[in-house]
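A.B. asks:
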Amino acid sequence: MKPRVLVTGGGGIVGSTWQHAAPTADMELRVAGRSTLDITDERQVREAVDAFKPHFIVNAAAFTRVDDAETQREQAYRVNVTGAEILARQAERTGAVLIHYSTDYVFDGKRRQPYREDDPANPLNYYGLTKWLGEEKIRETIQKHYIIRTAWVYGGFGHNFIRLVLDLAARHKTLRFVNDQTGSPTAADDLTDFTSFLIRNADAPFGTYHCSHLGEITRYDQARFIVRTMGLNTEILPVPASYFNPPALRPPYSVLSKEKIIHLLNRRPKNWESGLYDTLKKYYL
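Put into structure tokens, the structure is as follows:
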């Protein structure tokens, strides 16, 4: 029997990838956007779960606008904390497994080596705080869960970093990107592929996993790679984060360690160059 998989957040980068590009031929998949499934409405979630009877609930819904979260705190909390708790309750009630995406922004970035799954969280911004609190609600509510922390997600759908760079490059000859914040980006295709692996492998231990590409880069590095691969003449200049004076602080270093998935699950991610090139070739070239 094919596993029934309910994906929330169908309008976002990851949810759209589930809808259009994920390897789901051996699954019965239902992807729901906010207009049809509001994860902060428990009655609506209960009805959707009872109607579809999923074996897995994949929560790709989130309030991800990091700067806006500083001023729209109630909405960010409602989606990232209350919504996660509601999904956990309904998954626990029906025996479904909950798979929840979280973020590198649960860490403060004060160290200079990749963060492991069991390293202490200390978010610098409200978005990161809500994602951490959402994780904790899930751990308190349901034993059968996977929390997948990822970072700097981009892809072929929705508003993402590749599209931002290309849109700006179409209007400006010179662009500036931050070069004092280091992370490990993730292609949405690779994130959904890893999630599909967890769904197919019932022996994968429940718990928290880090999933992003191998290597360490800045947004400056990433933007340069994009314009070079796309054959654009746009000049990319490095600037410190303070140049933009954003409302929300970002961790200066938030690279995620992938040692757990490499050694425990035998899953070795792509390096960041391969992941970015593959996405550009598939969707943009």
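To get the numbering used here, take the position in the sequence shown, counting from 1, and add 1. For every residue, glycine included, the Cβ atom is placed at its ideal position computed from N, Cα and C. Quick caveat: nothing in here was measured; it's all calculated off a predicted structure.
Quick check on residue 86: buried or exposed, where buried means 16 or more other Cβ atoms within 10 Å of its Cβ?
C.D. replies: Residue 86 comes out buried.
A.B. asks: Assess contact between the stretch 174-185 and the stretch 210-227, defined as three or more Cβ pairs (one per stretch) separated by less than 8 Å. Is contact present?
C.D. replies: Touching, yes.
A.B. asks: Strictly by DSSP, which residues pair up with residue 57?
C.D. replies: Its beta-bridge partners are 6 and 98.
A.B. asks: For residue 20, is the classification buried or exposed, using 16 other Cβ atoms within 10 angstroms of its Cβ as the cut-off for buried?
C.D. replies: So residue 20 counts as buried.
A.B. asks: How is the alpha helix (DSSP H) around residue 166 delimited, first residue to last?
C.D. replies: Segment 162-170, the alpha helix (DSSP H) holding residue 166.
A.B. asks: Judging by CA-CA distance, which residue of 194, 168, 127 and 58 is the nearest neighbour of residue 10?
C.D. replies: Cα-wise, what sits closest to residue 10 is 58.
A.B. asks: Going by beta carbon distance, what residues of the same chain come within less than 6 Å of residue 248, once the five residues before and after it are set aside?
C.D. replies: Cβ within range, chain order: 68 and 71.
A.B. asks: Measuring straight from C-alpha to C-alpha, what distance separates residue 192 and residue 56?
C.D. replies: For residue 192 and residue 56, the distance between alpha carbons rounds to 19 Å.
A.B. asks: Going along the chain, which residues of its own chain have a beta-carbon closer than 7 Å to the beta-carbon of residue 237, five neighbours each way excluded?
C.D. replies: Cβ neighbours of residue 237 beyond the five flanking positions: 176, 178, 221, 224, 225 and 228.
A.B. asks: Does the distance from the C-beta atom of residue 108 to that of residue 81 stay below 7 Å?
C.D. replies: Their beta carbons are not under 7 Å apart, which means residue 108 does not touch residue 81 by this criterion.
A.B. asks: Take the Cβ of residue 245 as the centre, count every other Cβ of all protein chains shown within 10 Å, and call the residue buried at 16 or more, exposed below.
C.D. replies: The residue is exposed, with fewer than 16 neighbouring Cβ atoms inside 10 Å.
A.B. asks: Residue 239 bridges to which residues according to DSSP?
C.D. replies: In the DSSP output, where bridge partners are listed per residue, residue 239 has 178.
A.B. asks: Looking only at DSSP bridge pairs, what is residue 147 linked to?
C.D. replies: 100 and 208.
A.B. asks: At the level of alpha carbons, what is the spacing between residue 204 and residue 266?
C.D. replies: C-alpha separation (whole angstroms): 10 Å.
A.B. asks: Specify the secondary structure class of residue 267 as computed by DSSP and reduced to three states.
C.D. replies: If DSSP states are grouped into helix, strand and coil, residue 267 belongs with coil.
A.B. asks: Taking only three categories from DSSP, how would you classify residue 285?
C.D. replies: Coil.
A.B. asks: Looking at the strands, I want to know which residues DSSP matches up with residue 272.
C.D. replies: Bridge partners of residue 272: 215.
A.B. asks: To the nearest angstrom, how far is the alpha carbon of residue 16 from that of residue 5?
C.D. replies: Rounded to whole angstroms, residue 16 to residue 5 spans 16 Å at the Cα level.
A.B. asks: Considering only DSSP beta bridges, list what residue 29 is partnered with.
C.D. replies: DSSP output for residue 29 lists 5 as bridge partner(s).
A.B. asks: Measure the alpha-carbon distance for residue 161 versus residue 154 and round it to whole angstroms.
C.D. replies: Going from the Cα of residue 161 to the Cα of residue 154 covers about 7 Å.
A.B. asks: Under three-state DSSP, which class holds residue 157?
C.D. replies: Note: residue 157 maps to coil in three-state DSSP.
A.B. asks: Roughly how many whole angstroms lie between the Cα atoms of residue 253 and residue 186?
C.D. replies: Cα-Cα distance, rounded: 14 Å.
A.B. asks: Could you say which of 240, 77, 121 and 88 lies nearest to residue 47 if we only look at CA atoms?
C.D. replies: Comparing Cα-Cα distances from residue 47 to each of 240, 77, 121 and 88, the minimum goes to 88.
A.B. asks: If you run the structure through DSSP and keep just helix, strand and coil, what is residue 257?
C.D. replies: Residue 257: strand per DSSP, three-state reduction.
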